[in-house]
Every structure is written in structure tokens, then in C-alpha cells.
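**Student:** Chains A, B, C and D, in that order, are what the protein sequence lines are. Letter by letter, the first sequence follows residues 28 to 123 of our numbering. Letter by letter, the second sequence follows residues 168 to 759 of our numbering. Letter by letter, the third sequence follows residues 10 to 267 of our numbering. Letter by letter, the fourth sequence follows residues 7 to 229 of our numbering. Each residue gets a CB set at the ideal place from its N, CA and C atoms; glycine is no exception. Computed from a predicted structure; not experimentally measured.
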Amino acid sequence: MTEPIDGAAAHPSPNYILIWVVLAVLTAGEVAIAFVSHLPQVALILILVGLAIWKAVLVALYYMHLKFEPQRLKIIALAPLPLAVILVVIVLSEHW
Amino acid sequence: MSTVATAHETAAHTHEEIPFLRKYIFSTDHKVIGIQFLFMSLFFLLVGGLLAMAMRWQLAFPANPNAGFEGRPLPGGGLLPETMVAGGVMLPEFYNALVTMHGTIMVFFAIMPLLIGVWANYLIPLQIGAPDMAFPRLNMASFWMAMPAGMMMLASFAVVGGAANAGWTAYAPLSVMPEYSGVHLGQQLWELSLVILGFSSLMGAVNYITTIVNMRAPGMTWFRLPLSTWALFITSILLLLAIPVLAGGLIMQFFDQTIGTGFFKPDDGGQPLLWQHLFWFFGHPEVYILILPAMGFVSDILANGARKPVFGYAAMVWAIVGIGFIGWIVWGHHMFMSGMNPMLGGFFMVTTLMIAVPSAIKTFNWLGTIWGGNIRFHTPFLHAISFVALFVIGGLSGVFVASAPVDIPLHDTYFVVAHIHYVLVGGSLFGIFGAITFWFPKMFGRMMNEPLGKIHWALTFVFFNLTFFPMHMLGSGGMMRRLYDPTQYPHIAQYQDTNIFITYSALLLFASQFIFMFNFFWSLFRGRKASENPWEANSLEWTAPSPPPHGNWGDRKLKVYRGPYEYSAPGASADYLLQTDPAQGVPAPASH
Amino acid sequence: MNDFWRLPPNVSTYGGEIDSMFHLIAWITIVVFFLVEILIVVFLFRYRGRPGRTAKYTHGNSRMEILWTTATALIVLFIGVISRGLWLEIKDPRHFPQPGLELIVTAKQFEWNVTYPGADNQLGTADDFVRRNQLHVPVDVPVRITLQSEDVIHSFYLPQLRLKQDAVPGMHIPAWFEATLPGEYTVGCAELCGLGHYRMKGALTVHSAADWQQWYTQEQQRTAAARATGAPLAASDGAAADDGAAGATVLAAAAHSH
Amino acid sequence: MTIAAAAMDRGTSSFGVYNVKLGMWVFLLSEVMFFTGLIGTYIILRFANPEQFARPGEVLNVPLTAANTFFLICSSVTMVKAYAEIERGNQQGLKRYLVATALIGMLFVGIQGVEYWKLAHEGFVPVAALYKAVGRHAAEAGEAGAVGAAVLGGPLYGTTFYTMTGFHGAHVTIGVLCLWFTVYQAYRGRYSAQNVAGVEAMGLYWHFVDLVWIILFTIVYLI
Chain A
28 MTEPIDGAAA
38 HPSPNYILIW
48 VVLAVLTAGE
58 VAIAFVSHLP
68 QVALILILVG
78 LAIWKAVLVA
88 LYYMHLKFEP
98 QRLKIIALAP
108 LPLAVILVVI
118 VLSEHW
Chain B
168 MSTVATAHET
178 AAHTHEEIPF
188 LRKYIFSTDH
198 KVIGIQFLFM
208 SLFFLLVGGL
218 LAMAMRWQLA
228 FPANPNAGFE
238 GRPLPGGGLL
248 PETMVAGGVM
258 LPEFYNALVT
268 MHGTIMVFFA
278 IMPLLIGVWA
288 NYLIPLQIGA
298 PDMAFPRLNM
308 ASFWMAMPAG
318 MMMLASFAVV
328 GGAANAGWTA
338 YAPLSVMPEY
348 SGVHLGQQLW
358 ELSLVILGFS
368 SLMGAVNYIT
378 TIVNMRAPGM
388 TWFRLPLSTW
398 ALFITSILLL
408 LAIPVLAGGL
418 IMQFFDQTIG
428 TGFFKPDDGG
438 QPLLWQHLFW
448 FFGHPEVYIL
458 ILPAMGFVSD
468 ILANGARKPV
478 FGYAAMVWAI
488 VGIGFIGWIV
498 WGHHMFMSGM
508 NPMLGGFFMV
518 TTLMIAVPSA
528 IKTFNWLGTI
538 WGGNIRFHTP
548 FLHAISFVAL
558 FVIGGLSGVF
568 VASAPVDIPL
578 HDTYFVVAHI
588 HYVLVGGSLF
598 GIFGAITFWF
608 PKMFGRMMNE
618 PLGKIHWALT
628 FVFFNLTFFP
638 MHMLGSGGMM
648 RRLYDPTQYP
658 HIAQYQDTNI
668 FITYSALLLF
678 ASQFIFMFNF
688 FWSLFRGRKA
698 SENPWEANSL
708 EWTAPSPPPH
718 GNWGDRKLKV
728 YRGPYEYSAP
738 GASADYLLQT
748 DPAQGVPAPA
758 SH
Chain C
10 MNDFWRLPPN
20 VSTYGGEIDS
30 MFHLIAWITI
40 VVFFLVEILI
50 VVFLFRYRGR
60 PGRTAKYTHG
70 NSRMEILWTT
80 ATALIVLFIG
90 VISRGLWLEI
100 KDPRHFPQPG
110 LELIVTAKQF
120 EWNVTYPGAD
130 NQLGTADDFV
140 RRNQLHVPVD
150 VPVRITLQSE
160 DVIHSFYLPQ
170 LRLKQDAVPG
180 MHIPAWFEAT
190 LPGEYTVGCA
200 ELCGLGHYRM
210 KGALTVHSAA
220 DWQQWYTQEQ
230 QRTAAARATG
240 APLAASDGAA
250 ADDGAAGATV
260 LAAAAHSH
Chain D
7 MTIAAAAMDR
17 GTSSFGVYNV
27 KLGMWVFLLS
37 EVMFFTGLIG
47 TYIILRFANP
57 EQFARPGEVL
67 NVPLTAANTF
77 FLICSSVTMV
87 KAYAEIERGN
97 QQGLKRYLVA
107 TALIGMLFVG
117 IQGVEYWKLA
127 HEGFVPVAAL
137 YKAVGRHAAE
147 AGEAGAVGAA
157 VLGGPLYGTT
167 FYTMTGFHGA
177 HVTIGVLCLW
187 FTVYQAYRGR
197 YSAQNVAGVE
207 AMGLYWHFVD
217 LVWIILFTIV
227 YLI
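As C-alpha cells, this is what we get:
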């Protein structure tokens, strides 16, 4: 029943600086795609949202250490996402 | 708070003296906070009931000279200012404020804290074997935010323009445009009060979830938790995820009124239906927040009264989880008539009807629990079994309004009023009475008076049904909700005698509650001293002293050996078996 | 059972189907109600505590539980499936019958303004006329109504026709009904809309075919005459602000939103 | 309090995640739903009223905000570094990085204030009745240019923009206050390699606020 508490040294230390560089590059990339490229609207939105989710996932996995947490906590952390999607998709579907 | 002080005298000597203020007012002890919530919410229950009485008076005796109804002045109406009751006649805007505040106060300041603020705080640590909550100071803050929120809500009656009068659902644009409702500050106070209360609930939910997940005593596995704790756990999750959506919506309403944003104002492109979606996305989980804990208490009490294990414990747990989960995708059934896309209506109808499945599981399992029992008819048991009997009616009337085409004539009528009151009064409130009478000895160390308790139960049961059952027929007869004067419409005026009958029943129902009040306070001081385990129950709270001291079990180490419902186990020395009892030789149940 | 439930007499085509559905659910729930309540009473009596007896020690019965779970699921699925068809028939604009008369109902605190097409039988033209709180329709003709609101949400409620539909500001919501019996009926508001909510009522008059022609022609002529002289119609006639042409924008918007 | 306290802070756990951390995660879940309500409202209103929303960069100052976004990302890395330092028991490193995080957080709020100030002067306001945004270029052309310029977007643009970014800004502000409190605690020597709960919970909140901004920046400024 009693497992060791996730100790300070229990997880490897990822390269935080590398993540930071990736985040900065992705942000610059987003701005560039939004203003320089001439993609169709739908493709643009998909790419931008995709990049934003990528960045968000990086923050959650490494800076918030979700990658190194027990499976249970990962599941808990993802729990509200289906609800968020349900709310937005159903209300949006009124306008189709 | 002096009443609490008396009750805790026994607890005092086991510990070093804590200053009065820290001990009873700004206490971090989960039990004191639970008791604080109890007094607060019983007060609001009384206030909400009074508002309902005023409404019922108006509905029974409206003055409508055209239709030949003479009207009777509201008793005590002379005490109220001219902006509420003019010349003995209640004004329609005041009636609308009563409707709004009755709903709001009952839902947010009476039933919700009575179910969660009181019992989640009081029971969770005691039932899982923890010394206190995970975050005791957060817990204290939770109460001290709920209290001012309630005061703010009450204060809104006194401001210029009166209290909020757009209904407890606050449908925009009526709620956000004072030029249509006549209410300025009242509505804003209503919104702020609920945002603050939301914060309070949120703090509570974080606390309850963390505590249940992390602080169970050794041996207390998930499937050995009492169903009260299970229900409170799922309820906390619903609160956690639903309240913020309401808070967001309320803040948008507040901005629409104060700084002039356009979220819900059609003239600016805002959407009234968006408010309804946000509100009901919160509101439907809220409905289950208001019933699930009572289901948990009732399961505990029924098993105790019947001296039998709960029938189908695992199914009961999964039914709670199922109700909690499906509850997120049914909110649109409140909006069948709102102009929402009819295809969505079809979707929401099917999901809504699916809720009947876990509800039926619970009902039949309760029946299974009393089947073959050796029933002790103590007051908590009577309340609990009434819960089952009345919840069935509330659930079945729900099937009518879940079916979208049948909802067309029934929507926004007294049928819905009857339905919600069968669930919230017949269900939740009977569950609450059951819980109070059941855990009172643990809370205060004294028994409540049984004969008085039974008289209160019988009168409440009878007058409740006389009050609310006829409302079904008023509703299917076409009487709309929130109607200041039902005699205006000929098709309703012909049933005015029913309205009068309901009002008399409601007054008697209200009057019956004074028996409970008397019993409560009398027992607090004069009740028979309670033993540690007066009901001969199994769960952990009954192994602590009555009332338990700060820290609950002191230095005693708890170990849990079995589930909470091992009543009448063969081989046991009595017809109950404490969860902490190692009881060699008693065969462990095959399943959980 | 109508006496028990007090359903108002039904005078619309789909109202009968709604009532049948209502009664079907009523019978199902009454059976379940008596089943459960009788079982409760029987168990309470049969298993009342007596000295010397012990309760059955059982943790449940999977077969029974699966049985009543499946039975409940099948019943509600059945109700859901048949309800859905009826629901779409009444509320889905794609299933609306070809209307014989189209009206615009504009709600505002605290009145129902009904816009009738004039002689050209077309809404949105100059000869439209508006009557306050007076809804006149011919019998046995499908009537299509576009609901809108000028201020807050109201709910257009015809108890005897089993029709209820919210009128939401900023939206143009279609609804339809077909009355089956001439007579005088009620128009009510079912959504709290302010202090005058309780008196926001109108009259629905269902005319026989001949009466309808007479009333309709007469009102057209009265409107034309009033407009020619510039004299407003007497309020007692239920005439409201005479803004016939405003209907055009409504219809355009309604067409756009559906 | 004393009884409970021992078990509370990093108490025994059957779940494998200690109380403060689990509590913070659970709280963040409710924050997810709060921002879902706000962002969902924006998406829905924009979908229903596309004409009320200007094209990216027309009204909003994207270069300034892109820089601000970069700063917030920087503050996240300093925050996580602070946590990494105290995990190794380095008190000095903890204090240094915490102070840096708090300062960058203040910078973010400051820049957002400047952004609001400028936008308000260009007629981009949350009050529906006063909305008259003419766009950056018309505004920069001076009063003369601005007067005749067409209004870009509509009132819902201002309404949703200020509500969403404002609530995010409020979260950052609260975060900064909590950070200074954490700094104070760090200087009192409250944290060590064995006691990182406060820093970790602070970090979780801070990164979450950063994460929300990543989504907001894309949705509000770039799309």
C-alpha cells in the first residue's frame, strides 16, 4: 500500500535549456507562419493550433514533470480535457 | 457558537487548551468546520423556506378582480417596505425576486452546504481514518468564504432595486440588462456572491479529493470505502470541474452589467443561448452534486437499519461513477425549448434517458438491501427509506421531461417544479435529515429524541407529498412556473382550489420543521449521552469517541480489515463487525 | 386518465401524438412506481426487526443486477427511439409540412405581436399588418411561425396545441402547428421575462375556413383604410405599431439562419 | 493544526504523490475548466460573428506580444531551474532563479499593461458601446488619419480579448505575488532537498499559467 513518495532524485533531470530553445523557436515559427506564409485559412489554423498544442505538451511533460509522474497522475491531469472538448464542440455544433 | 462549545466539552480535556476563537470560530478542525457549515446551512434552509411560504401565499390568494379572485393580504406583509409589498399586496417584481432567491438560497446555501460543506468535512476524515483534512487551513478559508457569500446574497434584498429577479438560472439578457429587469445592484451582488461561494466550494473540493486519495488509513482500499465517502468523492470531482465554468459565466454576466461588455447581449452579437449552455454545463452536474451525497448517506443508513450488507456494493459504486460521468453530457435537456438545434435535442434526449440506468441500479440495490433484513426502524432509517420512495417518484417524473416531445407541453411548468422538488426535497432533504439524525450522536455526543424524530418524519413525509404531488397535475394542466398570478389564465384558474390546497400543505410542512428544530436544540443540551457506536455500525467514525477530539483517534493506529457493511456476518459475535475488528475466524467476503 | 393528469383538451395535429407518448410514459412509470413502492412496503413489513432472527448475509446477486439493469436500459432506449422521431417531426424545420400560412410572432415585454401577410400572402411586403396579442389562424392549415424577441427571452406557449418554443432576441426560430378545431384558445408566456411575465397572454382564435377568409379580408381592408387616412387603429382592436415592412429583414435573417 | 501538520506536508501517501502536489494538480484541473469556459466563449462568439474580429496584426500588436510570450517562456525556464537547484540542495541557486522568475513575471504584466494602454488609446476597448478600434496603422498615422479610418472588427472583439487576456494577466499577477512569498520563504531557509513541496507547487502553477498563455497567444493573436 505505502509506496515510496516520489522523491526529489527519483526522476532524471531533463535538459531544460533545450526545451526552452525549442519553445522559443516554435513561437518564432508560429509568428512567421501566421504572417509570412500564404497558406489557406484552414491549413493555417490547423498548423498554428498544432504548434500551440506541441508547445503546451512540452511544458506539461517536462516543466511540469508529467513525464516522470506515476501513470495515475497523468490520467488525472488529462481528465478535464474530454469535458472541455465536449463543451466547445457541442455548443459550436449549433452553428453548423 | 455556544451550542458547539457545550458539545465539545468532552473533547476539550484530551488536548491542550486552544483559545476560544481558534477553537470554535477560526478552527481548522474538520469537525468544527462541518458543524459551522451545519448551523449556517440550517439557517439558510429556514430562510429559503420562509421565502417559499410567501410565494405560496401569493399563489393561493392573488387578487384578480377580473376573474373574481379577491386576494388576501400577505400575513406580516405590512412589515415589508412598499417596494416589496404595497398595501398588503405582494408586487410582481418582489414575487420574481422571491422565486429567484428561494431557488438560489436553497440550492447554493442550503442543500449544497448541507450535503457537502457539512458532511464532506465531517465524515471524510472520520470514515477514511485520517486525523484531519489534507489542507486544514484551506478548509477553514472555505467556510469563511461561504459565510460572507451568504450574507451578501441576503443583503441584496436591501439594496436599491431589490434582489435579483431573473430566476436562479439568471437567463440573459433579462439578468444582464437592468432596463428590462429593473434590478441593478441586486443582480451584481447575486453574481459576486455565487463567484465567492464557488471559490469556497472549489477549495473544499480540492481538499476532499486530496484527502480521500492520499490519507486513507492502512487497509482502507478504494472498495472498502463507505458509500458516503464514495459519493462525496465523485461529487467533489463534479464540483471541481463544473464550478469554474459557472464562475466564468457569472463573471461575464458581471462584466456585461458593470463595464458593458457584450457576451450575452444580442445587440452586440452576444448570445443569450451561450449563457444557457455555460450555465447548464455547470447546472446539470450540479443537479447530481445535489443528490449523489444523499444517495451515499442513504446507503450507509439503510444497511445499518436493515442489519445487512449493501446489496451490490460494486454496482453501487459504479452507478455513482456512471451518474457522475453521464451527467456531463445531458445538460441540453434543460434547453429543449430554447431554440437550440433540434438535432442536438435528439442527442441530449438519448443521453438523458440513459441516466435512468444507473439510477435504477441504485434503487433496486436499495430494495435488495432491505430485502431479507432484520429492520430497525430508527429515525434515520425512516428518512432513508423515504428517500428511496420519493426519489423513485422524482426519477420517474424525470422520464416524462427527458422525452423531448413530451417535454414540449411540460417544459417550464409546475410539472418540472414538482420533479425538482421530489428530487431535491423528497430526495436530498430526506437524505440530509437521515444523515443529521444518524450522525448527530457522533457530532455532539448526545442522542436525538426518537419519538420527536419520528413525529417530525411522519408529518414531513405526509405534508411533503400533499404539497408537491398535486403540482404534477397543475403542470400537466398547463400552469407555468414563476407565475405571479395563476388566475390570469382561465385554463389554470379553474384549478385554483388545488393551489390553495398546496399552500395549506406547504404551511403545515414548514410548521412541521419546528419540531425538528426543537428536537435538534433540545437534544444538543438535554439529549441522552451517546456511546461511541450507538447505532451498532461498522465504519471507522464509530470507533472514535463521541464526539471525537481534535485529531479524531489521538495516538491510536487504525488498521482496516474489511468493508464497511459486514452486518450479520456468520461467525461474528454480534450482528455488526467493525472495519477495524481483526475478528479471527470470520470468513472474508468473496468479493469486495 | 385525462382527468387525472388534467391535460388541456388537445386541438392540434401532433398534440395527439404527444399525448399518446405522455400516456405511454405515464403507464410505464406507474407500473414501475407501484412495483417499487409496494416492494418497499412489503419488505418493511416482512423484514421488520424481531428478536432472535438474523438478517440474510448477502452481498448481492449479479444475475438479478444484470437483469434489472438490462431491463431498464431497454425500456429507456425504447422510449428514446420513439420519442426522437416525434421530436424531429415537430421541431426540425426540415420535417415541417408545407405551410398554408406564414406568420411572424415578435415577443416583447409583455406582449405578443403577430405579423400577418397582407393580400399578396407574402411577409415582408408593405401590406403586412400587425395585431397585438391576437393570433388568428384558419383550421386544418399548417401554420409556420417565425419567433423573435425584441428584448429578453420569452416562451411562446399554446397549451391546447401542445406547442412551446422560446423566442430569443437575436434569433429567428421557426415553429409550426396545425389546429384541428375552431375556437378560442390561450397564448401564454412560459419563460420568466420580467415583472409582467404573468400577464403576458394573448388569445388564439382558430377560425373555420369561411370565418378565416372573412376575418382576414376585413383586417386587410381595415389596415389599408387606416393607412390611407393616417389614423391609427384603435388600441382595443389589438393593433400594434404598424411596421409591415420590417418583416422583410426578419425573413431574410430567418432564411440565413436555417 | 499540530496534529494534522505532521501528516500533511509530505505525509504518507497511498497514491505516490504527496498532498501539496496532488492538491495543486487537482486545483489546476479546475483552472483548465475555467479557461475552457473563457476560450470556448471566444471560439463560439467568433465562429458566430466572424465579421466582428479583425485579421491578425491589424489591431493587436503582435511583435510586442510575441516578445512578451518569449519572456514568459523564459520565466518558465528560470522557475524550473529554481526547482532543479533546490532538488540538489542549492539554496543560492534557488533564490537567484526564484527572484529572476518573479522579475520576469512582473515584466510580463508590465508589458501587458502597456499593451492595454496603447490599445485603449486606439479605440480598442472592452466596452461595447465605446468600441471604435481603427487598427494600429491608422492610429499611428496620427489623429488625422485615425478620424476617417474605418472601425475594424466589432465590440465582441474587445469584450473577449480583454476578458481572456485579463484573466490570464490576473493569474500571472497572483503568481508573481506567490513567487515573492516563495522568495521570502526561501530566504528564511524553508526549503531544502528534502522539502521542495512549496517550490514544486509554485512551479506547477507558474508553468500552467505559461501553458495557458501559449494557447491564448495562438488563438487570440495569430489566428
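1. Give the residues of chain B in contact with D/Q58, contact being defined as C-beta atoms less than 7 angstroms apart.
2. Within this structure, are the beta carbons of D/T171 and D/V226 separated by less than 8 angstroms?
3. Measure the C-alpha to C-alpha separation of B/F211 and B/Y375 and round it to an integer number of angstroms.
4. Specify the secondary structure class of D/A199 as computed by DSSP and reduced to three states.
5. Compare the C-alpha of D/T179 against each of D/I92, D/N96, D/I117 and name the closest.
6. May I have the straight-line CA-CA distance separating A/I113 from D/I49, to the nearest angstrom?
7. Once you ignore the five residues that flank B/L218 on each side, which residues in its own chain have a CB closer than 8 angstroms to its CB?
8. Three or more C-beta pairs closer than 8 angstroms, one from the segment 194 to 203 of chain C and one from the segment 338 to 349 of chain B: is that the case here?
9. Does chain A have any CB closer than 8 angstroms to the CB of D/G46?
10. Quick check on C/D251: does DSSP put it in helix, strand or coil?
11. Along the segment 603 to 630 of chain B, where does the CB come closer than 9 angstroms to a CB of chain C? Name the residues.
12. Among B/V590, B/T580, B/L676, which one has its Cα closest to the Cα of B/T627?
13. Grab me the residues of B/E708's own chain with a C-beta within less than 7 angstroms of its C-beta, minus the 5 sequence neighbours each way, in chain order.
14. Mind checking whether C/I88 and C/I34 have CB atoms under 8 angstroms apart?
15. Output the boundary residues of the beta strand (DSSP E) element that contains C/R153.
16. Mapping the DSSP letters down to three states, classify C/T115 as helix, strand or coil.
17. Got a sec: is the Cβ-Cβ distance from B/M507 to anything in chain A below 8 angstroms?
18. Does C/P17 pass the burial test, meaning 16 or more other C-beta atoms within 10 Å, or should it be called exposed?
19. With distances taken between CB atoms, is the gap from D/V218 to D/A139 smaller than 8 angstroms?
20. Have a look at A/I117 and B/G416 and give me their C-alpha separation to the nearest angstrom.
21. Given B/G479, which residues of its chain have a CB within under 6 angstroms of its CB, disregarding the five upstream and five downstream residues?
22. Kindly list, in the order they appear in chain C, the residues whose Cβ is closer than 7 angstroms to that of B/F531.
23. Taking buried to mean at least 16 other C-beta atoms within 10 Å of its own C-beta, is B/M504 buried or exposed?
24. What does C/P151 touch in chain B if you count any residue whose Cβ is under 8 angstroms from its own?
25. C/S92 CB to nearest chain B CB: under 8 angstroms?
26. Is it buried or exposed for B/G254, if we count other Cβ within 10 angstroms and need 16 for buried?
27. Residues of chain A with CB closer than 9 angstroms to the CB of B/H444, please, in chain order.
28. Output the distance between the C-alpha atoms of D/Y122 and D/V115, rounded to the nearest integer angstrom.
29. Tell me the rounded alpha-carbon separation between B/A230 and B/P240.
30. Does any residue of chain A bring its CB to less than 8 angstroms from the CB of B/E453?
31. Roughly how many whole angstroms lie between the Cα atoms of C/W224 and B/S323?
32. Name the chain C residues that come within less than 9 angstroms of B/D196, Cβ to Cβ?
33. Within 8 angstroms (strictly less), CB to CB, does B/L408 reach chain A?
34. Counting only C-beta atoms, is B/Y480 closer than 8 angstroms to chain C at any point?
35. Considering only heavy atoms of the ligand NAP, does any lie closer than 7 angstroms to the CB of D/G111?
36. Is it buried or exposed for D/Y137, if we count other Cβ within 10 angstroms and need 16 for buried?
**Tutor:** If we stick to the structure as given:
1. By 1-based counting over the fourth sequence, the position of residue 58 of chain D is 52. The contacting residues are G436.
2. In the fourth sequence, counting from the first residue as 1, residue 171 of chain D sits at position 165. In the fourth sequence, counting from the first residue as 1, residue 226 of chain D sits at position 220. A contact, by the Cβ cut-off of 8 angstroms.
3. Position 44 of the second sequence, counting from 1, holds the residue named residue 211 of chain B. Position 208 of the second sequence, counting from 1, holds the residue named residue 375 of chain B. If I take the Cα positions, the gap works out to 23 angstroms.
4. The residue you call residue 199 of chain D lines up with position 193 of the fourth sequence. D/A199 falls in the coil class under three-state DSSP.
5. Mapped onto the fourth sequence, residue 179 of chain D falls at position 173. Per the Cα distances, D/I117.
6. Counting from 1 along the first sequence, the entry for residue 113 of chain A is found at position 86. Counting from 1 along the fourth sequence, the entry for residue 49 of chain D is found at position 43. Taking the straight line joining both Cα atoms gives about 14 angstroms.
7. The residue you call residue 218 of chain B lines up with position 51 of the second sequence. Taken in chain order, the residues that qualify are L265, M268, H269, I272.
8. Touching, per the Cβ criterion.
9. For the purposes of this step, residue 46 of chain D is taken as residue 40 along the fourth sequence, with counting starting at 1. For D/G46, the answer is yes, since a Cβ of chain A falls inside 8 angstroms of its Cβ.
10. Residue numbering aside, residue 251 of chain C sits at position 242 when the third sequence is read from its first letter. Annotation note: pLDDT 45 at C/D251 (below 50); position unreliable, no value reported.
11. none
12. Residue 627 of chain B sits at position 460 when you count from the first residue of the second sequence. Among B/V590, B/T580, B/L676, the Cα nearest to that of B/T627 is on B/L676.
13. Mapped onto the second sequence, residue 708 of chain B falls at position 541. Closer than 7 angstroms at Cβ, skipping near neighbours: L290, L293, Q294, K609.
14. Translated into positions along the third sequence, residue 88 of chain C becomes position 79. Translated into positions along the third sequence, residue 34 of chain C becomes position 25. Result yes, Cβ atoms of C/I88 and C/I34 sit closer than 8 angstroms.
15. One-based indexing of the third sequence puts residue 153 of chain C at position 144. 152 to 158 is the span of the beta strand (DSSP E), which, as asked, contains C/R153.
16. Walking along the third sequence from the start, residue 115 of chain C turns up at place 106. The answer is strand: DSSP assigns C/T115 an E or B state.
17. Taking the second sequence and counting its residues from 1, one reaches residue 507 of chain B at position 340. True, the Cβ-Cβ gap to chain A drops below 8 angstroms.
18. In the third sequence, the residue the question calls residue 17 of chain C occupies position 8. Buried, since its Cβ has 16 or more Cβ neighbours within 10 Å.
19. In the fourth sequence, residue 218 of chain D corresponds to position 212, counting from 1. In the fourth sequence, residue 139 of chain D corresponds to position 133, counting from 1. No, the pair does not count as a contact, with Cβ atoms beyond the cut-off.
20. Locating residue 117 of chain A in the first sequence gives position 90, where the first residue counts as 1. Locating residue 416 of chain B in the second sequence gives position 249, where the first residue counts as 1. Cα-Cα distance, rounded: 17 angstroms.
21. If you number the second sequence from 1, residue 479 of chain B lands on position 312. Around B/G479: N532.
22. Along the second sequence, one-based indexing puts residue 531 of chain B at 364. Going along chain C in sequence order, the residues near B/F531 (Cβ under 7 angstroms) are W77.
23. Locating residue 504 of chain B in the second sequence gives position 337, counting from the first residue. The residue in question, B/M504, is buried, as its Cβ has 16 or more Cβ neighbours within 10 Å.
24. By one-based count along the third sequence, residue 151 of chain C stands at place 142. Neighbours of C/P151 across chain B, judged by C-beta separation under 8 angstroms, do not exist; the nearest C-beta is about 17 angstroms away.
25. Taking the first residue of the third sequence as 1, we reach residue 92 of chain C at position 83. Closer than 8 angstroms: yes.
26. In the second sequence, counting from the first residue as 1, residue 254 of chain B sits at position 87. Classification of B/G254: exposed, given that the 10 Å Cβ count is below 16.
27. For the purposes of this step, residue 444 of chain B is identified with residue 277 of the second sequence, where counting begins at 1. Those within 9 angstroms of B/H444 in chain A are L114, I117, V118, E121.
28. Residue 122 of chain D sits at position 116 when you count from the first residue of the fourth sequence. Residue 115 of chain D sits at position 109 when you count from the first residue of the fourth sequence. If you take the alpha carbons of D/Y122 and D/V115, they lie about 10 angstroms apart.
29. By 1-based counting over the second sequence, the position of residue 230 of chain B is 63. By 1-based counting over the second sequence, the position of residue 240 of chain B is 73. Approximately 9 angstroms, taken between the alpha carbons.
30. Along the second sequence, one-based indexing puts residue 453 of chain B at 286. For B/E453, no CB of chain A lies under 8 angstroms from its own CB, so it is not counted at the interface with that chain.
31. By one-based count along the third sequence, residue 224 of chain C stands at place 215. By one-based count along the second sequence, residue 323 of chain B stands at place 156. Approximately 51 angstroms, taken between the alpha carbons.
32. By one-based count along the second sequence, residue 196 of chain B stands at place 29. Chain C residues near B/D196: none, gap ~35 angstroms exceeds 9 angstroms.
33. Here residue 408 of chain B refers to the residue found at position 241 when the second sequence is read from its first residue. It does: the Cβ of B/L408 has a partner Cβ on chain A nearer than 8 angstroms.
34. For the purposes of this step, residue 480 of chain B is identified with residue 313 of the second sequence, where counting begins at 1. It does; some Cβ of chain C falls within 8 angstroms.
35. Inclusion of the ligand NAP in the displayed structure is not the case, the ligand content being empty and no account of it being possible.
36. The residue given as residue 137 of chain D occupies position 131 in the fourth sequence. Answer is buried; the Cβ neighbour count reaches 16.
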